[in-house]
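Chains as they are written, first to last, in the numbering used here: chain L, 210 to 665; chain V, 5 to 591.
As structure tokens, then:
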């Protein structure tokens, strides 16, 4: 028998509380019927005896203490899945919004997912060629990795994400490639930009979109990445596809979480974010990977705009501790007109160590990448010295570093959004740039390699 | 009639039970139909509060909560090595067999394989008197490690029955003891132990033997003692995990316990992968033979993450009691502290610094105090060395976890962002790091490596300090204006930094370096410094020595001199001398 509870006992932000509920379970879904005939959805987030606290996804506007009836649905938050979801557009809570109607589900799945057993994971090793020198050579993207883009408002992170999708040769067989796109709190035009770009590059029929735009209910924003990742896991591990998940933007997601947490009157941690922000982000990011018994993979590229370009802000900070590296964009490079404005020094790919070198990319890759990092780090020192004593007063070596730094930024980093460089092109370019420096400065490369690859 | 206790409230991983007096503090309980494991963390007149170690989705008020009458404990016995567990010692491989690639809640699997037969040698006979910690049987747990089965610490008595040596399972009764009160105890191959209680020892011993790691900057500049405690703080991407891996692979402990506490799943699969392929040179067996992994990744339940550190250290103490030197790597203790914060927040406790609970320092000290070298109850000597990674929020070492950890450890290996950016690994900053074990260990180094080892070390340290001072000037006016003797210090420090402190974990020779090679490397570098210093004091420009390639050669000697041909160092010194002489003659 399905019971309906008339009226609520407390309304606070997006939460309502009802007394006298029997037999509800934790995280159960509820339908909230208003007197005007509309139905909203909610989830039980706390139970104290017969008092249940319910989170209302569409907001509590116009709910009063008497005008509602609440019905328990006897199931946790689930979305419908079938191979047909590819090419479709859903809202943040997994309801179809492209006017093509409901899908016929193969199965329903709890959007919270369950953690992958570490024993069942396959360690990711296959690299994805993106055609972007800074990524391919210095922060190689590996299939099954989670590699976020740390950006700031106004920078070209969206363009970069689209370019990666367009150029990524994620696998040998195009049929088994698809994209899951989750928009959280982004503007309508940004979502349109992605849609248009997917269309132009001809991948739109292989994209599943989950859109929670900036004017959509905030609480649904907490569900959006979970719906997207559940779909991604289904496509990867049940349909054996290689799935690239783009999640933009993580910052509004975390802010939604903070809003939700404070309305629950939880004790805040850093900058008002809840103490469980790390665990919550981990429950999203850790859903990338490959597992035994399936040929598919989930690769994540979350995009986050760092508030005030501050990399120590809790959101980028905690993200960096969970993800396997990061691609950091730099405002100074951006304003110099360099695209993509990747600041290579703080950028990193943790998984590249096993996915590059002989048999994967080229034998000299690791040594070259190390040398480029180490040399470019010295450019910074030379520049700060030049700003004190003037460039003319620099020693010969330091002048060479300044020259190298300039060439590195203009030729290696800067490549424009249409250039699709092969790995050999990128590596050779790296060697050409290193030849600017005196040989004695190349301390990360052994002589055999130098002889073989250094241009005469 | 026995009363059934039922769930009253649910809030994330915290569950409450109303109006009951059946539970005791820290008691382990089973919650709900699926028997999720939980622990009692608070009791008052009205409510008993329980933290649940698994996902609580689907629990209902009214579901049964049953007590076990004992605090949260784990099973200690053969089968721990070469295995991987979650935070409360559930075997992940066995869980995979039951529920596939995704972990489902309420998996009730015994920690140790109950059907596996072990070749047990029983070492006692009827009439023997045994005490807590006495060994009554041994068995080869892996080809590399002999497992000693010990009487639980709180039991002693006379053997009234002992089985013959042969094949037994973990739960088979091997020995029956009768204690002074006439109570009989059936002893099997395993025992239970509460994870939050340190296992007793007879006596603490001094920390005067170093843990040799083969990592130059650690062994030479910041050594750690067997039984010591160290912290590796560093922001993301500075190489905490790589450093932990290197230490786990190469340090000279007998047993490694690796706790992945709230870290990445792919990282654990990397460890699994790599350790099973890595052959230990000492016995030609894979590393996994002497390793036990505890993997509670960041997306696994947060309460179990809190427990995983204690589970790890309890396993470590168990093997210490057998007389082994155990090293425990905890990656990372910050995630554990955050788990404390998360649960404390759910309990609505009054927060102290940055939302962490006020008991954070006491919990940290309880953990790090479980390190130590000691005489065990059984009369053996064993040690537990704790090496904890710390992930400071915003890479700021003044945050509470780093600061509180610093008070309870004596070895601080600070990882530095700018070193990591220039890919200088291990990115241990030699100006911020310290080791307080010098005084305890100097005697050992003097005996094993000779007095000159200590002299070289202090020369290297003072050169680096001198460089640090000079770099302040260089940053302002450039290096060209410095006099030659100061330029020489900068040049030598460069050789030390790149040629000595930097170490390539992926290079077959450089990944592990013996103390002897470390000493010879220091000797060669200091010899060059002394010779060139003499040259410079005679008014010969430093640039001549630089152009002769003397410094560059030493930077690459870590690769050029193989680990098994240390006599080549003599050639290097001779070559330095002859080059210097020819410079002298030509000027």
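We treat Cβ as the ideally placed atom computed from N, Cα and C, and that holds for glycine. Nothing here was measured: the structure is a model prediction, and the numbers come from that model.
Of all residues in the region 252-274 of chain L, only 255, 256, 257, 258 come within less than 7 Å of chain V when Cβ atoms are compared, listed by chain position. Between the alpha carbons of residue 281/V and residue 291/V lies a gap of roughly 8 Å.
In this model, residue 62/V and residue 12/V are separated by some 14 Å (Cα to Cα).
One thing to note: residue 434/V has its Cβ no nearer than 7 Å to the Cβ of residue 381/V. Within the region 489-505 of chain L, the residues whose Cβ lies closer than 7 Å to any Cβ of chain V are, in chain order, 491, 492, 495, 498, 500, 501, 502. No Cβ of chain V is located within less than 7 Å of the beta carbon of residue 605/L. Distance check between residue 265/L and each of 287/L, 467/L, 242/L, 352/L places 242/L closest, using alpha-carbon atoms only. Just measuring C-alpha positions, the residue of 206/V, 319/V, 300/V sitting nearest residue 91/V is 300/V. In the three-state reduction of the DSSP assignment, residue 404/V falls in the helix class. Contact holds between the region 260-277 of chain L and the region 230-245 of chain L, because three or more Cβ pairs, one in each stretch, are under 8 Å apart. For residue 212/V, the CB contacts under 8 Å within the same chain, skipping 5 residues up- and downstream, are 229, 444, 445, 447, 448 in chain order. Residue 299/V reaches chain L at 327, counting residues in chain order whose Cβ is nearer than 7 Å. Look at residue 39/V here: in three-state DSSP terms it is coil, with no helix or strand label. Below 8 Å, enough C-beta pairs join the region 548-558 of chain V and the region 574-591 of chain V to call them touching: three or more. Measuring C-alpha to C-alpha distances from residue 283/L to each of 212/L, 246/L, 303/L identifies 212/L as the nearest. Taking the C-beta atoms as reference points, residue 560/L is found nearer than 7 Å to residue 351/L. Flagged as an interface residue toward chain L: residue 106/V, by a C-beta distance shorter than 7 Å. By the Cβ criterion, the region 358-368 of chain L is not in contact with the region 430-439 of chain L, since fewer than three pairs of Cβ atoms, one from each stretch, lie closer than 8 Å. For residue 539/L, the number of other beta carbons within 10 angstroms of its own is at least 16, and it is reported as buried. Neighbourhood of residue 583/L in chain V, by CB distance below 7 Å: 426, 427, in chain order. Residue 561/L sits in a helix when the DSSP states are folded into three classes. One finds 61, 62 in chain V with Cβ atoms closer than 9 Å to the Cβ of residue 285/L, taken in chain order.
Per DSSP, residue 250/L is one residue of the beta strand (DSSP E) stretching across 248-257.
Residue 324/L has a beta carbon lying within less than 7 Å of a beta carbon in chain V. Judged by DSSP in its simplified three-state form, residue 84/V adopts coil rather than helix or strand. By the criterion of a C-beta distance shorter than 6 Å, residue 334/L is surrounded in its chain by 563, 564, once the five residues flanking it on both sides are discounted. Between residue 156/V and residue 195/V, the C-beta gap is smaller than 7 Å, which places the two residues in contact.
The straight-line gap separating the alpha-carbon atoms of residue 252/V and residue 331/V is approximately 8 Å. At a Cβ-Cβ threshold of 7 Å, residue 577/L and residue 639/L count as neighbours. Looking at the DSSP output, residue 336/L shares a beta bridge with 351/L. Here the C-alpha atom of residue 285/L lies approximately 6 Å from the C-alpha atom of residue 319/L. Between residue 76/V and the set 385/V, 312/V, 458/V, the nearest pair of CA atoms involves 312/V. For residue 152/V, the closest C-alpha among the options 80/V, 202/V, 197/V is that of 80/V. Membership of residue 577/V in any beta strand (DSSP E) is not indicated; the residue belongs instead to the alpha helix (DSSP H) covering 572-590.
By the CB criterion at 7 Å, residue 174/V and residue 143/V fall outside the cutoff.
For residue 96/V, a Cβ of chain L is located within less than 7 Å of the residue's own Cβ.
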